[in-house]
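Single-structure report; data block below.
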Amino acid sequence: MKVKKAIIPAAGLGTRFLPITKSIPKEMFPIINKPSIQFIIDECINSQIEEVIIVLSSNKKSIIDFFCNNKSDLNGFNSKFLYNGLSISFVEQKEALGLGHAIKICEKFINNEPFAVLLPDDVIFVKKDQQPAIKQLIDIFYKKQTNVIGVQNVDWKDVNKYGIIDVRKIDENIIDVRSVIEKPNIENSPSQLAIVGRYVFMPNIFYFINKSQPNLNNELELTSAIQDSINSNKLFAKIIFGNRYDIGSKIGLIKSLLDVGLNDEEISKELKEHINKIKSDKQTYK
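FYI, the numbering for the sequence shown is 1 to 286, going by full-length UniProt numbering.
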């Protein structure tokens with residue numbers, strides 16, 4: 001079956017960017033001249049995905065406004081637009097009940113089809129000769145016909161920030177996953193391979209999400225549902241090619257701006273000169 005649908009969970013509160021996220025969703029922060037969520041949408045378009053549903057909280061209606069070409073089409077969370085051939089619809093996550101819950105409320109939209117999930121905090125830039133990040137996983141899904149997750153190596157000191165995979169074996173850059181562990185400490189981490197916000201799922205992942213128990217924060221964790229599914233579905237991982245930036249963090253957002261800016265013919269020369277000037281000035285600011 002083709003992977004034609006994708007979920008973009010974008011209801012997070014953006015607490016790392018307070019106070020600005022009181023008025024501007026972090027998904028609307030500009031990376032030069034495009035909001036970060038547009039890079040995620042473009043990734044879907046370039047991966048032949050046909051329909052996307054964006055999960056939002058009540059204070060993020062500016063994202064709906066952005067994708068609306070005709071104000072008469074606006075209908076709150078019931079709005080549906082066609083953007084460069086991609087159908088975009090929306091759903092409200094009324095409470096912050098975790099990533100698993102954000103996916104759970106999209107079950108009707110998915111309608112028993114395989115689907116992709118793209119976390120908008122993870123913006124991944126690829127070279128011109130590389131497939132978009134989610135397309136790299138979709139290609140593996142077509143070969144294996146089972147759940148596929150995207151991973152990248154992270155520093156040991158950062159393993160406690162991610163879901164980490166335990167590797168059974170690696171064959172032609174496809175990883176057979178034994179298990180997944182949510183945010184392990186360094187001593188208990190089975191590898192440095194972290195799940196980085198790209199997934200392709202069989203529709204029965206909803207069964208495992210629906211039977212998951214909330215964690216201590218009353219949130220449904222996606223990682224626990226993935227782990228529960230391994231006995232029923234083989235799980236594979238693909239090391240994603242590309243530069244990934246966590247634009248939900250200050251340093252990640254700045255790095256993404258530098259990456260795009262230094263590859264922009266219009267501004268790259270002046271930007272390099274400015275960086276060198278800052279380095280030579282060694283000036284601090286209050």
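In this text, a Cβ means the ideal position worked out from N, Cα and C, and glycines have one as well.
Which residues share a DSSP beta bridge with residue i?
i, result
"Tyr83", "Leu86"
"Phe201", "Phe115"
"Glu221", "For Glu221, which the question treats as bridged, DSSP gives no partner whatsoever."
"Pro35", "Pro30"
"Ala194", "Gln152, Ile164"
"Ile174", "Asp171, Lys238"
With DSSP run on the structure shown, which of helix, strand or coil describes residue i?
i, result
"Ile267", "coil"
"Lys5", "strand"
"Ser62", "helix"
"Asn75", "strand"
"Ile20", "helix"
"Ser179", "strand"
"Ile53", "strand"
"Asn215", "coil"
"Asn185", "coil"
"Asn210", "helix"
"residue 287", "For residue 287 there is no data in the structure shown, the boundaries of the chain being 1 and 286."
"Cys44", "helix"
Verify whether the separation of the beta carbon atoms of residue i and residue j is less than 9 Å.
i, j, result
"Leu222", "Leu99", "yes"
"Glu182", "Ala96", "no"
"Ile7", "Cys106", "yes"
"Ala11", "Ala102", "yes"
"Ile140", "Val200", "yes"
"Phe208", "Ile110", "no"
"Val227", "Ser189", "Note that residue 227 is Gln in the sequence shown here, rather than Val. Cβ atoms of Gln227 and Ser189: not closer than 9 Å."
"Ala237", "Ile149", "yes"
"Pro25", "Asn78", "no"
"Met1", "Pro120", "no"
"Gln192", "Asp155", "yes"
"Asp275", "Leu258", "Strictly speaking, residue 275 in this sequence is Ile, with Asp absent from that position. Result yes, Cβ atoms of Ile275 and Leu258 sit closer than 9 Å."
"Leu86", "Arg198", "no"
"Gln38", "Phe66", "yes"
"Ser36", "Pro30", "yes"
"Ile165", "Val151", "yes"
"Lys104", "Glu50", "no"
"Asn233", "Met202", "yes"
"Ile63", "Met28", "yes"
"Asn147", "Ser229", "yes"
"Ile20", "Val260", "no"
* Asked: Is the region 125 to 137 close to the region 234 to 242, with three or more CB pairs under 8 Å?
  -> yes
* What alpha helix (DSSP H) runs, 4 residues minimum, are completely inside the region 87 to 170? -> 99 to 104, 107 to 110, 133 to 144
* Given 8 Å as the limit, is there contact between the region 82 to 92 and the region 49 to 66, that is, 3 or more CB pairs closer than that? -> yes
* Whole beta strand (DSSP E) elements within the region 230 to 276, 3-residue minimum -> 235 to 239, 243 to 246
* Asked: How do the region 120 to 128 and the region 31 to 44 stand: do at least 3 beta-carbon pairs fall below 8 Å, yes or no?
  -> yes
* Touching by the beta-carbon criterion (3+ pairs, under 8 Å), the region 163 to 181 and the region 141 to 152 -> yes
* Asked: How do the region 157 to 164 and the region 256 to 273 stand: do at least 3 beta-carbon pairs fall below 8 Å, yes or no?
  -> no
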